[in-house]
Amino acid sequence: MKNILTIFKKEFYRVISDRRLVFTVMLLPGLAIFMMYSLLGNAIGNQISSIQEHRIIMYQEYMPTAFKDMLIANEVKVDIMDLNDSDFDVVKQQIIDGEVDIMIIFPNDFESKILDYATQDNPEILTYYNFTEDYSSSAYNTMYGWLDVYSDEIVKARLDAPEDINPFDMDLDNPYHRLGTEDEASRKGMADLLPMLIIMFLFSGAMSIGPDSIAGEKERGTIATLLVTPIKRSEIAIGKVLSLSLLSLFSATSSFIGIILSLGKLMQSEGNVSIAFTTNEYILLFLVLFATVLVIVGLISNISAYAKTVKEASMLIMPLYFASIAIGMMSMFGGEPSTNPVVYLIPLYSSVNAIIQILVGSVSMATILVMLISSVVYVSILIYMLNRLFQNEKVMFKK
Numbered sequence: 281m282k283n284i285l286t287i288f289k290k291e292f293y294r295v296i297s298d299r300r301l302v303f304t305v306m307l308l309p310g311l312a313i314f315m316m317y318s319l320l321g322n323a324i325g326n327q328i329s330s331i332q333e334h335r336i337i338m339y340q341e342y343m344p345t346a347f348k349d350m351l352i353a354n355e356v357k358v359d360i361m362d363l364n365d366s367d368f369d370v371v372k373q374q375i376i377d378g379e380v381d382i383m384i385i386f387p388n389d390f391e392s393k394i395l396d397y398a399t400q401d402n403p404e405i406l407t408y409y410n411f412t413e414d415y416s417s418s419a420y421n422t423m424y425g426w427l428d429v430y431s432d433e434i435v436k437a438r439l440d441a442p443e444d445i446n447p448f449d450m451d452l453d454n455p456y457h458r459l460g461t462e463d464e465a466s467r468k469g470m471a472d473l474l475p476m477l478i479i480m481f482l483f484s485g486a487m488s489i490g491p492d493s494i495a496g497e498k499e500r501g502t503i504a505t506l507l508v509t510p511i512k513r514s515e516i517a518i519g520k521v522l523s524l525s526l527l528s529l530f531s532a533t534s535s536f537i538g539i540i541l542s543l544g545k546l547m548q549s550e551g552n553v554s555i556a557f558t559t560n561e562y563i564l565l566f567l568v569l570f571a572t573v574l575v576i577v578g579l580i581s582n583i584s585a586y587a588k589t590v591k592e593a594s595m596l597i598m599p600l601y602f603a604s605i606a607i608g609m610m611s612m613f614g615g616e617p618s619t620n621p622v623v624y625l626i627p628l629y630s631s632v633n634a635i636i637q638i639l640v641g642s643v644s645m646a647t648i649l650v651m652l653i654s655s656v657v658y659v660s661i662l663i664y665m666l667n668r669l670f671q672n673e674k675v676m677f678k679k
């Protein structure tokens, strides 16, 4: 145990004592994520506000007075101009150039056809807008909605009993039809996004320091000095895995904090996202993350021990990194966490499901326990394999 602690301290202080490594591995990820997501959230918010505050520039021809009055009565933000004074092709080009938002052309006999609907074909309204331009697309959606309302008014006018157009009403006197809480909604939003990011950050944190700890020492020749000491090679393996796991967890925690602090702006909520996690959920989340990072570091350590150089180790790790991202992405489309205990025997995928359980607040202690125990078993196997690699002189000293 003393030797394991010695190796642990050596690896831990190697990173902690290097200010550049501390900044790049532990502080920079969270800071970069916070700044990036905050800027992205602000940009999205500004774009939405700009569209909402924009006054629609619309050209029209033969627009019914009733429809125009409807837009004015409902205070729709629109400036209506007559097409009669302008050239059709000129306005079309202005729409393409983003100078005009939309053009609506009614038939010149629109109102007569509406009144004489029994003997006339339905009149066709023509709209022109630029679907690649935000203001224009928003203008089209707005006008389409009001034309739909206008259509309902026309149908009502044709009926002897206009109130019969709606055979039933929904939730007029039921203000509590939306069940659930804001906390549950926020948890669900986080559960869709965070598992993938957490796995990705755990992996990237381990990748930033793992290869240099083993493959780097092989490349520099310092691993030979360590291997000829009286310390058992199994103790070296355990010490390295534990220290790298803790350092990787610090890196992932930095990223996690950056996400939480910027999530409110990213999700365009008022203020920060408010979620009430219990103490037990925090403890379970920490245990799941630590068990996950142990497995990740075990995998990276074995690959680093096999590789000749840091560059080769990083190259061999990349397919595993992409696979972990793919596994994490399943949370975005998988819905609820799995209740099948067998799923919690699968490395990394079990972690994703366990994290989702904790985030949505539907924790199953049995499946979490299966995940933790299976992770310990996998880590034990990986440490055994790493020890065997350390014992293999051809692997450790190959040029």
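In the working numbering, the protein residues as written are 281 to 679. Where a beta carbon is used, it is the ideal one built from N, C-alpha and C, also for glycine.
Under the three-state reduction of DSSP output, T509 falls in the coil class, being neither helix nor strand. Inclusion of V521 and L574 in the CB contact set at 8 Å is warranted, their separation being smaller than that value. A straight line joining the alpha-carbon of M610 with that of L639 spans about 15 Å.
For Q400, the three-state secondary structure derived from DSSP is coil. Of the candidates A634, N582 and T589, N582 places its Cα closest to the Cα of I661. Taken in chain order, the complete beta strand (DSSP E) segments of 3 or more residues contained in the stretch 329-385 are 336-341, 358-362 and 382-385.
The beta carbon of V356 sits closer than 8 Å to those of I336, T422 and W426, all from its chain and outside the five residues before and after it, given in chain order. Annotation: L628 is outside any beta strand (DSSP E) and is labelled neither H nor E by DSSP. The continuous beta strand (DSSP E) containing L406 extends over residues L406 to Y409. In terms of Cβ geometry, G578 and V659 form a close pair [threshold 8 Å]. Burial is judged here by how many other beta carbons sit within 10 angstroms of a residue's own beta carbon; M281 has fewer than 16 and is exposed. Rounded to the nearest whole angstrom, the CA to CA distance from M315 to I518 is 36 Å. Shown here for I376: same chain residues with a beta carbon closer than 8 Å to its own, the five before and five after excluded, namely N410 in chain order. Distance from the CA of I494 to the CA of S484, rounded to the nearest whole angstrom, comes to 16 Å. The way I'd put it, the stretch 464-483 does touch the stretch 624-634; three or more beta-carbon pairs between them come closer than 8 Å. Secondary structure at T647: helix, using DSSP grouped into helix, strand and coil. Rounded to the nearest whole angstrom, the C-alpha separation of P455 and L301 is 55 Å.
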